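To start, the structure under review is shown below, and the notes come after it.
Number of protein chains: 2
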Amino acid sequence: MPSTARPVFVRVPDIKVLPEPAELPEPLPEPAVEDLRLETVLGALSDPLRLRIVRKLLLESEQFDHTCGWFGLDRPKSSLTHHFKALREAGITRQRQYGLERRSHVRVDDLNARFPGLLDLIAAWTPDEP
Amino acid sequence: MPSTARPVFVRVPDIKVLPEPAELPEPLPEPAVEDLRLETVLGALSDPLRLRIVRKLLLESEQFDHTCGWFGLDRPKSSLTHHFKALREAGITRQRQYGLERRSHVRVDDLNARFPGLLDLIAAWTPDEP
DNA sequence: CAAGCAGTACGAGTTTTCTCGAACATAGCA
DNA sequence: TGCTATGTTCGAGAAAACTCGTACTGCTTG
Chain A
1 MPSTARPVFV
11 RVPDIKVLPE
21 PAELPEPLPE
31 PAVEDLRLET
41 VLGALSDPLR
51 LRIVRKLLLE
61 SEQFDHTCGW
71 FGLDRPKSSL
81 THHFKALREA
91 GITRQRQYGL
101 ERRSHVRVDD
111 LNARFPGLLD
121 LIAAWTPDEP
Chain B
1 MPSTARPVFV
11 RVPDIKVLPE
21 PAELPEPLPE
31 PAVEDLRLET
41 VLGALSDPLR
51 LRIVRKLLLE
61 SEQFDHTCGW
71 FGLDRPKSSL
81 THHFKALREA
91 GITRQRQYGL
101 ERRSHVRVDD
111 LNARFPGLLD
121 LIAAWTPDEP
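Protein chains in written order, with full-length UniProt numbering: chain A, 1 to 130; chain B, 1 to 130.
See below:
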């Protein structure tokens, strides 16, 4: 039975219509799948902060990219830029520029293809101080 | 039909009787299984030389530990000491002192217990220059 | 006992990485 | 027009890692 109350219109902040897949912004420069190197990937993952980032992306990224700020990391912005860049250049994440924001997601398929099991290890990891 | 020739006794070099399991030398200091940290392990594996060492141990170590020299690595001895120590302190290898020799093997069970799948990644890895 | 061998420990130089402030760029909004 | 929010680049200082020469230890063997 439908409600008879007058509808209330609420201003919803922050809803952005993301572009269709066809018109996604180009990814920032990144290594091709076949150029992924295990030693480089492992090196990028040997930093606890970056492990945190990747794990959070794996576990909580509901179907889309996330901005740098979404992670709630208590570090200066330039430090975050540094780490996100390290992840991208190692081939672990893909970054796209949406206007001002630069959003990241894990290259799940690529990593699973080249290093099967690796992402499971990261997902299972728990930081020292959660 | 047995040979009637006089038996020749040959000096066989380098046959050493290794101690019984019960009297294995104590392992050098290493982290306990429960103290293994993924970020540390990955850091130790982010060096191609060390990746090579671990992979060779995994693929070719027929049932026992190996000395530093067995790997045929073209580096000064002090460099090798450095890398073997890094592997041991990260918890990837166990080292035992047999007289003058210090032999290493991978802590397969420990690593599989804590980081299942990791060793497979290493075994599947191929270096840039094989 | 001297020589040779397997390997360590220390220390210095070099390179890499981390960390972060400062200055800048751009979009949205009042 | 100017403020705020997102995020970048540059550069410098600090910390860590790598590399390797030198000197040393402790067995074994002639």
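For each residue, glycine too, the CB sits at the ideal point set by N, CA and C.
Quick caveat: nothing in here was measured; it's all calculated off a predicted structure.
Check: Expressed to the nearest angstrom, what Euclidean distance is found between the alpha-carbon atoms of A:ASP109 and A:GLU39?; Outcome: 19 Å
Check: From A:PRO25 to B:GLU26, what distance separates their C-alpha atoms?; Outcome: 58 Å
Check: Tell me whether A:PRO21 is buried or exposed, calling it buried when 16 or more other Cβ atoms sit within 10 Å of its Cβ.; Outcome: Interpretation of A:PRO21 is limited by its pLDDT of 45, a score under 50 that renders its predicted location unreliable; no figure is taken from the coordinates.
Check: Against chain B, with Cβ distances strictly below 8 Å, would A:GLY91 count as a contact?; Outcome: no
Check: Measure the C-alpha to C-alpha separation of A:HIS82 and A:LEU111 and round it to an integer number of angstroms.; Outcome: 21 Å
Check: Contact between the region 67-83 of chain B and the region 73-90 of chain A: three or more CB pairs below 8 Å?; Outcome: no
Check: Under a Cβ-count criterion, where at least 16 other Cβ atoms within 10 Å of its own Cβ denotes burial, should A:GLY69 be classed as buried or exposed?; Outcome: exposed
Check: Identify whether A:LYS94 lies in helix, strand or coil by the three-state DSSP scheme.; Outcome: The question names Lys, yet the displayed sequence has Arg at residue 94 of chain A. Note: A:ARG94 maps to strand in three-state DSSP.
Check: If you scan the UniProt domain "HTH arsR-type" (40-120) of chain B from start to end, which runs of the alpha helix (DSSP H) of 4 or more residues do you find wholly inside it?; Outcome: 48-60, 77-90 and 108-114
Check: Between A:PHE115, A:LEU51, A:ARG88 and A:ALA113, which lies nearest to A:ARG102 when the distance is taken from Cα to Cα?; Outcome: A:ARG88
Check: Do you know offhand how far A:GLU34's Cα is from A:LEU59's?; Outcome: 26 Å
Check: If the criterion is Cβ atoms closer than 8 Å, does the pair B:LYS85 and B:PHE71 meet it?; Outcome: no
Check: When Cβ atoms are compared, which residues of the region 23-46 of chain B fall closer than 9 Å to chain A?; Outcome: ARG37, LEU38, GLU39, THR40, VAL41, LEU42, GLY43, ALA44, LEU45 and SER46
Check: Excluding the 5 residues preceding and the 5 following A:ALA113 in the sequence, name in chain order all residues of the same chain whose CB lies nearer than 7 Å to its CB.; Outcome: VAL33
Check: Report yes if the CB atom of B:ARG107 is closer than 8 Å to the CB atom of B:ILE92, and no otherwise.; Outcome: yes
Check: Name the chain A residues that come within less than 7 Å of B:PHE115, Cβ to Cβ?; Outcome: LEU121
Check: Taking the alpha carbon of A:ALA124 as the point to measure from, which residue in A:ARG96, A:TYR98 and A:VAL54 has its own alpha carbon closest?; Outcome: A:VAL54
Check: Within its chain, find whatever has a CB closer than 8 Å to the CB of A:GLY43; leave out the 5 residues flanking it on each side and keep chain order.; Outcome: ALA90
Check: At 9 Å on the CB atoms, spell out the chain B contacts of A:LEU87, in chain order.; Outcome: Near A:LEU87 there are no residues of chain B at all, since even the closest Cβ is about 13 Å away, more than 9 Å.
Check: What does the alpha-carbon distance come out to for the pair A:ARG50 and A:PRO29?; Outcome: 19 Å
Check: Quick one: is A:GLN97 buried, meaning 16 or more other Cβ sit within 10 Å of its Cβ, or exposed?; Outcome: exposed
Check: Looking at chain A, is there any beta carbon in it that lies within less than 8 Å of the beta carbon of B:LEU59?; Outcome: no
Check: Considering only DSSP beta bridges, list what B:PRO127 is partnered with.; Outcome: DSSP output for B:PRO127 lists no bridge partner at all.
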